[in-house]
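Read the structure below first, then the notes.
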Amino acid sequence: MINVKDLSVILGERSVLEGVSIELPESGIVVIYGPSGGGKTTLLRTLIGVIPEVIKGDVHGRIFPSPKDIRSKCVYVPQEPWFSVATPYVWSEVSSFTNLSISEVKHVLQRFGLEGKLYRTTHTLSAGELHRIGLITAMASSYNYLFLDEPSSYLDRENALALAEYVKEISDSGKLVIIVDHNLGLWKKYADSFIRINRRVIYTEPSYVDDIVEDNSLRRPETVGEIVGRVLIKEFRYPGERPVIKDLSFTICAGDIIHIKGPSGSGKTTLLRLIARKARSSKIHIELHRSVCYVPDNPLLYFSEPTPLKEVLGRIDIMKEFGIDHIKNVPIMRTSSGERRRIAIASAIIRGHDIILLDEPTVGLDLENKIKVLKTVVKAANIGKAFIIASHDPLVETIATKTITLGGSNG
2 MINVKDLSVI LGERSVLEGV SIELPESGIV VIYGPSGGGK TTLLRTLIGV
52 IPEVIKGDVH GRIFPSPKDI RSKCVYVPQE PWFSVATPYV WSEVSSFTNL
102 SISEVKHVLQ RFGLEGKLYR TTHTLSAGEL HRIGLITAMA SSYNYLFLDE
152 PSSYLDRENA LALAEYVKEI SDSGKLVIIV DHNLGLWKKY ADSFIRINRR
202 VIYTEPSYVD DIVEDNSLRR PETVGEIVGR VLIKEFRYPG ERPVIKDLSF
252 TICAGDIIHI KGPSGSGKTT LLRLIARKAR SSKIHIELHR SVCYVPDNPL
302 LYFSEPTPLK EVLGRIDIMK EFGIDHIKNV PIMRTSSGER RRIAIASAII
352 RGHDIILLDE PTVGLDLENK IKVLKTVVKA ANIGKAFIIA SHDPLVETIA
402 TKTITLGGSN G
């Protein structure tokens with residue numbers, strides 16, 4: 002059992018956790034949820050000593066066993082999949098950190114829709130594929146505690162369900178799995194308990210998730226305008242691989258919100274990167290008549306300023322729309338993953354770009370903050386900005402003027 006008593010954590014000048022007291026069992030599935038920036042990831046990092054040993058901060062309260070002892074029994078999978086990969090190939094990543102044979106690695110890859118990826122270089126994988134590799138490695142390890150931060154965020158529904166079933170098998174073997182996630186519906190069938198964190202802790206019953214409903218106030222843009230770009234891709238493939246994108250064409254209009262969807266690894270991120278580069282070859286023709294901005298799934302690759310206020314050029318009004326005005330002077334490196342994502346999108350909207358490419362913009366966001374982001378996207382589309390959004394989130398489709406399904410039919 003892990004016992005936390007009166008835990009408070011201050012990062013810089015920001016109080017992230019205040020007087021948190023929880024008891025975690027020796028085995029089972031515990032789901033932690035709450036608003037973006039509410040301290041969920043901070044709790045996991047503090048339990049294993051990343052805070053304050055790696056990320057400096059003031060920690061007060063009692064954790065038993067000690068973070069050092071917890072760390073010796075624990076594997077932690079961060080919500081940012083690019084931080085969890087250490088080797089250049091899929092086979093080496095899984096086999097280096099587990100006792101699985103190559104044949105066993107092949108079997109588990111197939112279970113998670115990664116068949117044929119055994120010898121793929123890890124740097125060419127999508128965020129969703131990287132995330133699944135990290136989860137597979139963690140769950141196949143010999144550690145007693147598994148801390149999974151936003152494990153379903155980059156997964157399509159089929160892979161999310163496969164993950165939940167696998168996690169249940171792991172917990173039934175006597176392990177403790179602590180999950181930070183906004184997708185409560187996925188875990189209702191499997192979780193033993195739910196804990197809500199927003200600086201402080203509230204225990205909730207599984208039935209509570211029935212009260213969490215989708216917002217139906219989202220609306221598509223009112224009109225679309227002139228054509229501002231065209232995309233024609235006869236074929237694109239990585240060296241030695243089958244085609245990732247084939248026979249795809251569409252136009253981009255002012256005011257468009259184009260939703261790119263499809264299974265993890267189907268080429269959504271690849272498509273955004275090709276458009277951002279305005280790629281041209283005998284098989285690819287990208288034509289853009291307006292300025293373009295690409296916000297990648299790792300928002301840290303986007304930023305050019307040290308604080309949110311500077312990143313959005315001092316626009317407090319846009320910060321309020323995104324619910325990030327309370328962190329205006331906090332160093333971006335000290336913000337949560339969901340907060341960084343909102344900062345990056347706000348920055349892209351106010352910097353004068355006409356075509357904005359967003360890769361998984363709602364990952365790591367609770368429902369309330371998803372709604373804020375998507376409503377602001379619609380507001381910007383109504384004044385002529387065009388958006389191309391790669392996302393698994395069904396909420397994105399509710400505001401889309403066009404939907405393109407990779408690995409399936411277009412609409």
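Okay, so the sequence shown: first residue is 2 according to this note's numbering, each after it adds one. Glycine residues also receive a C-beta, built at the ideal position from the N, C-alpha and C atoms.
Any 3 or more C-beta pairs closer than 8 Å across the region 349-360 and the region 381-396: They touch, by the three-pair rule.
Check the C-beta distance from residue 71 over to residue 137 and give it rounded, since I have them as a contact under 8 Å. Taking a contact as a CB-CB distance under 8 Å, the pair residue 71 and residue 137 does not count as one, their CB atoms being some 22 Å apart.
Leaving out five residues on either side along the sequence, give the residues of the same chain with a beta carbon under 7 Å from the beta carbon of residue 178. The beta carbon of residue 178 is closer than 7 Å to those of 30, 147, 149, 168, 171, 172 in its chain, skipping five residues each way along the sequence.
Measure how close the beta-carbons of residue 90 and residue 123 come, nearest whole angstrom, since I'm counting them as under 8 Å. 6 Å
Tell me, to the nearest whole angstrom, how far the beta carbon of residue 250 is from that of residue 272; I am working on the premise that it is less than 8 Å. Wrong, their Cβ atoms sit about 12 Å apart, outside the cutoff.
Residue 326 and residue 317 - do their beta-carbons sit closer together than 7 Å? yes
With residue 360 as the anchor, note down where its alpha helix (DSSP H) starts and where it stops. Run containing residue 360: none in the alpha helix (DSSP H); it sits in the beta strand (DSSP E), 356-360.
Pick out the complete alpha helix (DSSP H) segments inside the region 329-402, 4 residues or longer, and give them in chain order. 338-351, 368-382, 395-398
Touching or not, the region 345-354 and the region 72-86, by the rule of three or more beta carbon pairs under 8 Å? no
Cutting at 7 Å between CB atoms, please list the residues of its own chain near residue 413, excluding the five before and the five after it. In this structure the chain extends from 2 to 412, so residue 413 is not present and cannot be described.
Inspect the beta-carbon positions of residue 85 and residue 78 and report whether they are closer than 7 Å. yes
What residue range does the alpha helix (DSSP H) around residue 70 cover? 68-73
Check whether residue 422 and residue 11 have beta carbons under 7 Å apart: Within the shown structure, residues of the chain are numbered from 2 to 412, placing residue 422 beyond reach of any answer.
Taking the alpha carbon of residue 151 as the point to measure from, which residue in 107, 337, 286 has its own alpha carbon closest? By alpha-carbon distance to residue 151, the top candidate from 107, 337, 286 is 337.
Short check: CB of residue 35 to CB of residue 197, under 7 Å? yes
Can you list, in chain order, the residues of its chain with a C-beta nearer than 6 Å to that of residue 17? Leave out the 5 residues immediately preceding and following it. 10, 40, 43
According to DSSP, what are the bridge partners of residue 125? Answer is none; residue 125 lacks a bridge partner.
For residue 110 and residue 129, which I take to be in contact (beta-carbon distance under 8 Å), what is that distance rounded to the nearest angstrom? Their Cβ separation, rounded to whole angstroms, is 14 Å, which puts residue 110 and residue 129 out of contact at 8 Å.
Do the region 341-351 and the region 288-304 meet, that is, are 3 or more Cβ pairs less than 8 Å apart? yes
What are the start and end residues of the beta strand (DSSP E) that includes residue 176? Per DSSP, residue 176 belongs to no beta strand (DSSP E) and is neither H nor E.
Residue 226: which of 80, 32, 5, 384 sits nearest, CA to CA? For the residues 80, 32, 5, 384, the minimum Cα distance to residue 226 belongs to 384.
Backbone CA spacing between residue 56 and residue 50 [nearest angstrom]: 9 Å
CA-to-CA distance, residue 220 to residue 258, given in whole angstroms: 11 Å
Neighbour-count burial assignment, residue 395, 16 or more Cβ in a 10 Å radius: exposed
Taking 7 Å as the cut-off, decide whether the C-beta atoms of residue 291 and residue 229 are in contact. yes
What separation, rounded to the nearest whole angstrom, lies between the Cα atoms of residue 254 and residue 402? C-alpha separation (whole angstroms): 10 Å.
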